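In terms of the working numbering, the sequence shown is residues -14 to 127. Even for Gly, the Cβ is constructed at its ideal location relative to N, Cα and C. Owing to the predicted nature of the structure, the values given are computational and were not obtained by experimental measurement. What follows is a set of notes on a single structure, which appears directly below.
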Amino acid sequence: MDQLDRRIIAALQHNARESTSKIAAKLGVARTTVHERIRRMEENGTIAGYSVILNSPEDAPRVQVIVLLEVQQKETTRIIKRLEAYPEVKLCLSINGEFDLLLSAEAPRLEDLDILVDDLAKIPGVQRTNTSVVFGRRIDRI
-14 MDQLDRRIIA ALQHNAREST SKIAAKLGVA RTTVHERIRR MEENGTIAGY
36 SVILNSPEDA PRVQVIVLLE VQQKETTRII KRLEAYPEVK LCLSINGEFD
86 LLLSAEAPRL EDLDILVDDL AKIPGVQRTN TSVVFGRRID RI
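This is the structure we're talking about:
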């Protein structure tokens, strides 16, 4: 993958429905170049698919937190199963370092997330949590 492929991917992440002609014009290359590179990236699995991102209603603001969990290693699988029951938890990543799991959670109110974090700390095997409130999204390719 070269710089042009990365720029094409960035354009598709911004708007996957944009025509190859418009992408080509923005990048200053031929339409056929963009078309062939997209086809190649689809075939080799670099582009695995396209999806729809639903917009939240304007009157439904969401608060997001990042929660780091330190867990007993032998309890990790059971803890992750418990986390699946919380609809506020949108993402769970296994990480290295001081903490073992990184969670992204969202709810309409900060108070809801405060209750969530308290509940997470009570899960057997969770040794420690560290929570940060997200002020804003600077780059969002999801």
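Quiz item: Checking contacts by CB at 8 Å: is Val14 closer than that to chain D?
Solution: Chain labels in this structure do not include chain D; a single protein chain is all it has.
Practice problem: Identify whether Lys11 lies in helix, strand or coil by the three-state DSSP scheme. | Solution: In the sequence shown, residue 11 corresponds to position 26, counting from 1. Lys11 carries a helical assignment under DSSP once its states are collapsed to helix, strand and coil.
Quiz item: How would you label Arg22, buried or exposed, when you count the other beta carbons within 10 angstroms and need 16 or more for buried?
Solution: Reading the sequence shown from its first residue, position 37 is the one you call residue 22. Counting Cβ neighbours within 10 Å, Arg22 comes out buried, since at least 16 surround it.
Quiz item: Does DSSP put Gln57 in a helix, in a strand, or in coil?
Solution: Working through the sequence shown from its first residue, we reach residue 57 at position 72. In the structure shown, Gln57 adopts coil according to DSSP, grouped into three states.
Quiz item: When the Cα atoms are used, what is the spatial distance from Glu3 to Leu(-3)?
Solution: Taking the first residue of the sequence shown as 1, we reach residue 3 at position 18. Taking the first residue of the sequence shown as 1, we reach residue -3 at position 12. One C-alpha to the other measures close to 7 Å.
Quiz item: Where do the N-terminal and C-terminal ends of the beta strand (DSSP E) with Glu91 fall, by residue?
Solution: The residue you call residue 91 lines up with position 106 of the sequence shown. First-last of the beta strand (DSSP E) with Glu91: Leu86 to Ala92.
Quiz item: Which class does Thr5 belong to by DSSP, given the choice of helix, strand or coil?
Solution: Locating residue 5 in the sequence shown gives position 20, counting from the first residue. The DSSP-derived three-state label of Thr5 is helix.
Quiz prompt | Asn81 versus Ser89: straight-line alpha-carbon distance, rounded | solution = Reading the sequence shown from its first residue, position 96 is the one you call residue 81. Reading the sequence shown from its first residue, position 104 is the one you call residue 89. Approximately 16 Å, taken between the alpha carbons.
Exercise. Look at the Cβ atom of Val111, then the Cβ atom of Leu54, and state whether they are nearer than 8 Å.
Key: For this step, residue 111 is matched to residue 126 along the sequence shown. For this step, residue 54 is matched to residue 69 along the sequence shown. Yes; because the gap between Cβ atoms is below 8 Å, this pair is in contact.
Quiz item: Near Arg63, what residues of its chain come up, given a Cβ to Cβ distance below 7 Å and the 5 sequence neighbours on each side ignored?
Solution: Taking the sequence shown and counting its residues from 1, one reaches residue 63 at position 78. Residues Gly110 of the same chain have their beta carbon placed closer than 7 Å to that of Arg63, with the five preceding and five following residues left out of the count.
Self-check item: First through last residue of the alpha helix (DSSP H) which encompasses Arg(-8)
Solution: Counting from 1 along the sequence shown, the entry for residue -8 is found at position 7. Per DSSP, the continuous alpha helix (DSSP H) segment holding Arg(-8) begins and ends at Gln(-12) to His(-1).
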